[in-house]
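Per this note's numbering, numbering of the sequence shown is gapless, rising by one per residue and ending at 823.
Where is the CB? At the ideal position from N, CA and C, for every residue including glycine.
This one's a predicted model, so the numbers in the text were calculated from it and none came from an experiment.
The block underneath contains the structure these notes are about, expressed in structure tokens.
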Amino acid sequence: MSRGLGKVDQPIANLTISKASFKNLFGDVFKGLQVINLTVTHGSLSSVALDVMDHFNESLTSLSFENNTFEEIPVQLINKFRNLTLLNLAHNRIEVIPANAFGALNILLQLRLDHNRVFKIHPAAFTGLNRLDRLELHHNRLEKFERNTFRVVRKVKYLDLSYNNFTTLQRTDFNQLTNMWFLNISNNKIKTFPRSMFVANAILRVINMSYNELPEVDANTVKGVRFLRDVYFRGNKIKSVHKQAFISAKHLRTLDLAYNLLEDIGYEQFKDFQWLERLDLSYNKISKIASSGFLKMYQVTIDLSHNNISYIGDMAFSELSNVTLFDMSYNNISGMPKNAFYLSDVTTLLLNHNNITDLTQIPIANITGIKVFNVTYNHINEINRKAFTKKRLYELHTLDLSHNNISEISGSIFEKLAGVRSINLSHNALRKIGYSTFGSIPTLLELDLSHNNISEVSHSGLSALVSVRFIQVNNNRIKRMFNLPIALNELHLEHNNLEHFGPGTFRSMNSMLRLYLDYNNLTHLEGGSFQNLLTLQTLSLGHNNIENIPWEALQDMSSLQYLYLHNNKITKLPKKAFGRLPVVFDLRLQHNQINNISEYAFEGMLQLLRLNLSFNNISIIPPEAFKGLVSLHSLDLSHNKLNKLENKTHGLLDDLLSLETVNVSHNEVAFVTDKTFPKSPYIPYKLKRVNLSHNFLSVLTNSFDDGLGKVELLDLKHNLINEIYPNVLKNLSSLQFLDMSHNDLRHVANGALVLPENVKWVDFSRNKIFSADMRDLLASQDLEHLDLRFNNVSRFEEEFVSRIKKGLRLFYEGKLEI
6 MSRGLGKVDQ PIANLTISKA SFKNLFGDVF KGLQVINLTV THGSLSSVAL DVMDHFNESL
66 TSLSFENNTF EEIPVQLINK FRNLTLLNLA HNRIEVIPAN AFGALNILLQ LRLDHNRVFK
126 IHPAAFTGLN RLDRLELHHN RLEKFERNTF RVVRKVKYLD LSYNNFTTLQ RTDFNQLTNM
186 WFLNISNNKI KTFPRSMFVA NAILRVINMS YNELPEVDAN TVKGVRFLRD VYFRGNKIKS
246 VHKQAFISAK HLRTLDLAYN LLEDIGYEQF KDFQWLERLD LSYNKISKIA SSGFLKMYQV
306 TIDLSHNNIS YIGDMAFSEL SNVTLFDMSY NNISGMPKNA FYLSDVTTLL LNHNNITDLT
366 QIPIANITGI KVFNVTYNHI NEINRKAFTK KRLYELHTLD LSHNNISEIS GSIFEKLAGV
426 RSINLSHNAL RKIGYSTFGS IPTLLELDLS HNNISEVSHS GLSALVSVRF IQVNNNRIKR
486 MFNLPIALNE LHLEHNNLEH FGPGTFRSMN SMLRLYLDYN NLTHLEGGSF QNLLTLQTLS
546 LGHNNIENIP WEALQDMSSL QYLYLHNNKI TKLPKKAFGR LPVVFDLRLQ HNQINNISEY
606 AFEGMLQLLR LNLSFNNISI IPPEAFKGLV SLHSLDLSHN KLNKLENKTH GLLDDLLSLE
666 TVNVSHNEVA FVTDKTFPKS PYIPYKLKRV NLSHNFLSVL TNSFDDGLGK VELLDLKHNL
726 INEIYPNVLK NLSSLQFLDM SHNDLRHVAN GALVLPENVK WVDFSRNKIF SADMRDLLAS
786 QDLEHLDLRF NNVSRFEEEF VSRIKKGLRL FYEGKLEI
């Protein structure tokens, strides 16, 4: 290391030595250097010679020995560096901080001694640190401070004492830290605080006393701290908070009392917190909130979740202006007084996971500015005209009533919500949707009625919702199609009992874009069923027991782009099976029982890009079956019974001029001939990805590479390949990824394994290769990954070593001879 550093003749701004194994640092390793920031970290360093860093006594401003094995502070060494502004001795084994440990470091600003074993600090330990700004002593074993420990470091603003063993603190411990802004004494075992302990720390901004054992917050705990902004008492054993506890902290911003043992909120318990932004009382044992428990707050977030609240007094929440979030979820609330929210505005009110059975017992009439109302996971069984409020609410835009027991909605109750955008009624017990259920809500955009017991939707049950864009009615018992809102864009009707569509089922609509009808029983769709859906782009008919392509019903859908007929019982695709669908991009026919595909089966689908015919019973496809699919990019024929892709004179893929990806895996293909893949001197075919895995291929002959000149990915795993003709792989000039694992290669002829120049990833694992010139595999200079595991190769070629040094990842397993 000294030789390398000795060649440096310029000042070094940052020098880092990491994960070094030396325990002692000595000699002239830094001779002639000027270093400004030095870090020796994550090593075993335990001692440093006094003269080893003499060359940069004046230049060094930052020194870090973090994560080493120092057992004591190298006092003499560090005091040589009088220009240090940062000293980091964290993550060592230091136990004692002696007197005058930093006496010469007059301009030090930051000192880290955290994550050590410090149990004792000498009263004069910090002598000389007159300008220290930040002191970190967390994660040590401190139990107490000697008197006047912080007498010299009066300018410290940030002090972290968390994760120590303090059980108590003396009243004078922090008296001399008059400039302190931040104090963290969390995660100790403190049970009591002396009276008016922080009275001398008048400008303290943040106090973190979380996760101690405090039983209460009395009137003197933070008395006199006038500029306090954030105070954290989370995770103590606090049972009471004095009403005057924070009276001097007029500008308090955060008050965290979560995870304590509070049992009730008394009269005017939290009053006049005009600047408070967040009040967290969650995870306590609060069961009662008295009248005026919360009084005069502005733009605050209040969290009362995960308590046992069952009683709320009159005007419990008074004069709370513009409350951002009021969370009372996970309690035992069944009702509230009518004036519980008195002169209060709440933007988001969360009452989910309570015991509410009657929505009329939750008055929101006084909360005129409410925007989000959540009462999910309660026991509400009915919503009538008395619910919510007698007057109209103009700000409420999101209403979530899901996961209740609502069986009836009456009185057009939602018409009172003059600005509502989203209503969620999923996972309830609704049986019927009539006009009085919703009435006319001109602002509604989203409606979720999924997972109910709806069997009937009346003629005008939903059609009067003139602005709704998205409706979910899936997972119900609907047998008959209903009138749709004129502006609807997307409708989910999956998992219902629909059996028949005919002409006039849908009225004329220019807005419907997506229609999902999966998991019904629409076995027969008459002509004209969708003729009025003039702009429909997506139609999903999966899992409907359809036996024949409903071409008559599809012929009017000139705008259809995505057609899903997967998981049905279709057995054949006749000529022009889909009629004329000129702009369909995606056609899914997987998981059917197709065994017969006629010539010109897809004629009329000029723009089809993706065709999925996987998981069928196809054994033969005539060469002209795909005639007319000039735009097709992706073809999936996997999991069928195909044994060839040509008829000796014409190839199945010849008409697919734009094809880029073909998947023929899990079939019975045994041979690849010169007609299998498309090739022509006059047509620029684009085939790039071919999957022939899990077939019965045994030999890669000279004709195998015909039509694969542009292929970048070739998957041949799980075949029976036992022979590769020379130069066959080499002729795949664009190949980048080749997988020939799980085959039966044994003796491979010379030249058979020569790879094209561009190949990057090759897998020959799990064959039986015992004789082959492995150097052929290195023909590609771009090769990055080569897997030869689980073969019978016993020789490791020397050429591999140089390639490994250049970045090749070689996977090689077995007994090797070098």
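So, with DSSP's three-state summary, where would you put F805? helix
By Cβ distance, which residues of its chain are closer than 7 Å to N707, with the 5 residues on each side in sequence left out? Y730, V733
At which residues does the alpha helix (DSSP H) containing T442 begin and terminate? Its alpha helix (DSSP H) spans residues 440-443.
Using only the alpha-carbon positions, how far apart do H247 and L281 sit? 17 Å
In the structure shown, what three-state DSSP assignment does I388 receive? I388 falls in the strand class under three-state DSSP.
Mapping DSSP to helix, strand and coil, what is R8? With a pLDDT of only 49 at R8, under 50, the local geometry of the prediction cannot be trusted, and the value read off the model is given with reservation. Reduced to three states, the DSSP call for R8 is helix.
Are the segment 554-569 and the segment 510-517 touching, with three or more C-beta to C-beta distances below 8 Å? As far as the Cβ criterion goes, the segment 554-569 does not touch the segment 510-517, which means the pair count is below three.
Relative to the C-alpha of H144, which candidate in V425, R98, D178 has its C-alpha closest? R98
With 16 as the cutoff for other CB atoms within 10 Å, does A106 come out buried or exposed? buried
Pair within 8 Å by beta-carbon distance, N386 and I411: yes
Run through the segment 548-587 for me and flag every whole beta strand (DSSP E) of 3 or more residues, listed as ranges in chain order. For the segment 548-587, whole beta strand (DSSP E) runs of length 3 or above, ordered along the chain, are 567-569.
Taking just the CA atoms, how far does R136 sit from V227? Here the alpha carbon of V227 sits roughly 26 Å from the alpha carbon of R136.
Would you report the Cα separation of A109 and G133, rounded to the nearest angstrom? 6 Å
How about T365 and S339: do their beta carbons lie closer than 8 Å? T365 is not a Cβ neighbour of S339, given a cutoff of 8 Å.
When the Cα atoms are used, what is the spatial distance from T173 to I195? 5 Å
Under 8 Å, do K680 and E717 count as touching if we go by C-beta distance? no
If you run the structure through DSSP and keep just helix, strand and coil, what is F676? coil
What's the gap between the Cα of V45 and the Cα of I17? 15 Å
DSSP three-state label for D778, please. Looking at D778 - three-state DSSP - the assignment turns out to be coil, as it is neither helix nor strand.
Own chain residues within Cβ distance below 6 Å of P199, not counting five before or after: R176
Pull up the distance between the alpha-carbon of N84 and that of E100, whole angstroms please. 19 Å
Whose C-alpha, out of I626, L647, E608, K653, is nearest the C-alpha of L634? E608
Check whether F232 and V211 have beta carbons under 8 Å apart: no
Host alpha helix (DSSP H) of L82 (start-end): 80-83
Residue interval of the beta strand (DSSP E) (run including R593): 591-593
With H, G and I counted as helix, E and B as strand and the rest as coil, what does DSSP make of L539? coil
Per DSSP, what are the beta-bridge partners of I362 in this structure? Looking at the sequence shown, residue 362 is not Ile but Thr. Under the DSSP definition of a beta bridge, T362 lacks any partner.
Where E629 and F795 are concerned, what is the direct C-alpha to C-alpha distance, given to the nearest angstrom? 43 Å
Out of curiosity, what's the CA-to-CA distance linking H596 and R751? 37 Å
Cutoff 6 Å; reference F742; Cβ partners in own chain excluding five residues on either side: L718, W766
Taking Cβ positions, are T154 and I126 nearer each other than 8 Å? yes
Assigned secondary structure, I418 (DSSP; H/G/I helix, E/B strand, else coil): helix
Could you pull the start and end residues of the beta strand (DSSP E) that L116 belongs to? 115-117
Which partner residues of M514 appear in the DSSP bridge assignment? L538
Counting along the chain, where does the beta strand (DSSP E) carrying S67 start and finish? That run of the beta strand (DSSP E) goes 67-69.
Could you work out which residue in Y303, D285, L325 is closest to S832 when comparing CA atoms only? Limits of the chain in this structure are 6 at one end and 823 at the other, which puts residue 832 out of reach.
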